[in-house]
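Please read the structure below before turning to the comments.
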Amino acid sequence: AQSVAQPEDQVNVAEGNPLTVKCTYSVSGNPYLFWYVQYPNRGLQFLLKYITGDNLVKGSYGFEAEFNKSQTSFHLKKPSALVSDSALYFCAVRRGGGADGLTFGKGTHLIIQP
Amino acid sequence: NAGVMQNPRHLVRRRGQEARLRCSPMKGHSHVYWYRQLPEEGLKFMVYLQKENIIDESGMPKERFSAEFPKEGPSILRIQQVVRGDSAAYFCASSPSGQGKTGYTFGSGTRLTVV
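These protein sequence lines are chains Y and E, in that order.
The numbers in my numbering rise by one with no breaks, and the one at position 33 of the first sequence is 33.
For my numbering, add 114 to where a residue sits in the second sequence, where the first one is 1.
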């Protein structure tokens with residue numbers, strides 16, 4: 001069965017510093033990988049996805065993610081953090097075995113300190 | 115394009131009542147997915163529907179929960195005889211295809227509180 005691990009419940013970064021939010025996955029076949037962001041009492045907003053092609057994927061709000069097949073990772077990155085980036089971030093993988101929909105990680109709280 | 119519309123945003127039900135959650139997918143999207151988010155947890159897949167068909171309900175509890183996506187109108191997630199453990203945020207997503215490449219658009223969710 002497919003699974004997603006986000007090993008950090010919380011990541012603290014000073015404003016202006018680079019940030020990384022970690023994600024590893026397990027799925028049969030080629031993975032379709034996604035990052036979403038959730039602000040308090042809001043729905044999920046799409047940031048970026050990896051389907052195929054370049055391992056470095058660029059998304060919304062200056063975020064990017066690097067697909068690493070050998071390490072089964074899809075870490076989210078941003079060169080310079082903003083206070084407004086503070087939110088809950090979810091990594092997800094398309095469910096395998098021909099099933100559609102997503103399997104999510106537990107989420108990582110990103111806190112950007114002024 | 116109004117996006118994925120869910121209503122109500124907040125729903126309070128007493129134990130034993132029924133809860134009906136509605137989801138209108140984005141225009142042009144014929145695939146709908148329901149997820150449940152418990153406090154401090156990620157989203158858990160519940161059910162995947164196309165118009166008039168349940169494609170995959172492997173994440174749905176066996177009792178009290180049902181979903182439909184009729185030919186006309188929104189998708190409905192129905193919870194009968196609610197219990198306190200049903201309190202959660204329920205999110206709907208839609209996509210134009212069932213293949214994943216086009217991604218999934220989420221609604222703002224319905225927050226169900228059972229008192």
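The C-beta atom is built at its ideal place from N, Cα and C for all residues, glycine as well.
Predicted model, so just to flag it, every value in this text is computed and none were measured.
Nearest candidate by alpha-carbon position, reference residue i, set the options
i	options	result
residue 183 of chain E	E/176, E/192, E/175 and E/177	E/192
residue 90 of chain Y	Y/96, Y/38 and Y/73	Y/38
residue 134 of chain E	E/171, E/170, E/218 and E/179	E/179
residue 41 of chain Y	E/205, E/181 and E/209	E/205
residue 31 of chain Y	Y/69, Y/113 and Y/56	Y/69
residue 2 of chain Y	E/165, E/201, E/122 and E/158	E/158
residue 177 of chain E	E/139, E/136, E/151 and E/197	E/197
residue 99 of chain Y	E/202, E/169 and E/131	E/169
residue 109 of chain Y	E/155, E/165 and E/148	E/155
residue 201 of chain E	E/187, E/165, E/161 and E/150	E/150
residue 217 of chain E	Y/67, Y/76, Y/7 and Y/45	Y/45
residue 161 of chain E	E/224, E/226 and E/148	E/148
Proximal chain Y residues relative to residue i, where beta-carbon distance stays under 9 angstroms
i	result
residue 170 of chain E	95, 99, 100 and 101
residue 183 of chain E	Those within 9 angstroms of residue 183 of chain E in chain Y number zero; the least Cβ separation is about 14 angstroms.
residue 205 of chain E	43 and 44
Residue i versus residue j - alpha carbon distance
i	j	result
residue 83 of chain Y	residue 12 of chain Y	11 angstroms
residue 143 of chain E	residue 211 of chain E	7 angstroms
residue 102 of chain Y	residue 15 of chain Y	31 angstroms
residue 48 of chain Y	residue 119 of chain E	21 angstroms
residue 88 of chain Y	residue 36 of chain Y	9 angstroms
residue 72 of chain Y	residue 124 of chain E	38 angstroms
residue 18 of chain Y	residue 58 of chain Y	15 angstroms
residue 104 of chain Y	residue 185 of chain E	29 angstroms
residue 195 of chain E	residue 131 of chain E	5 angstroms
residue 53 of chain Y	residue 26 of chain Y	19 angstroms
Under 8 angstroms from the C-beta of residue i: neighbouring residues of chain E
i	result
residue 112 of chain Y	Those do not exist, as residue 112 of chain Y stays about 20 angstroms from chain E at its closest Cβ, beyond 8 angstroms.
residue 49 of chain Y	217
residue 32 of chain Y	214 and 215
residue 90 of chain Y	156 and 157
Contact list for residue i against chain Y, beta-carbon separation under 8 angstroms
i	result
residue 222 of chain E	42 and 43
residue 162 of chain E	99, 100 and 101
residue 147 of chain E	100, 101 and 102
Terminal residues of the beta strand (DSSP E) in which residue i lies
i	result
residue 136 of chain E	133-138
residue 208 of chain E	202-209
residue 162 of chain E	157-164
residue 227 of chain E	224-228
residue 102 of chain Y	102-104
residue 113 of chain Y	108-113
residue 180 of chain E	179-182
residue 168 of chain E	167-170
residue 10 of chain Y	10-14
residue 218 of chain E	Careful: residue 218 of chain E lies outside any beta strand (DSSP E) and carries neither H nor E.
residue 87 of chain Y	87-94
residue 124 of chain E	124-127
residue 38 of chain Y	33-38
residue 48 of chain Y	44-50
Residue i beta carbon near the ligand ZN (any heavy atom closer than 7 angstroms)
i	result
residue 128 of chain E	With respect to the ligand ZN, the structure offers nothing, as it holds no ligand at all.
Contact set between residue i and chain E, taken where Cβ atoms lie within less than 9 angstroms
i	result
residue 105 of chain Y	156
residue 67 of chain Y	Residues of chain E passing the Cβ test: none, with the nearest at roughly 15 angstroms.
residue 46 of chain Y	217, 218, 219 and 220
In DSSP terms, what residue i is bridged to
i	result
residue 119 of chain E	E/138
residue 25 of chain Y	Y/4
residue 150 of chain E	E/158 and E/204
residue 69 of chain Y	Note: residue 69 of chain Y sits in no beta bridge, so no partner.
residue 189 of chain E	E/137
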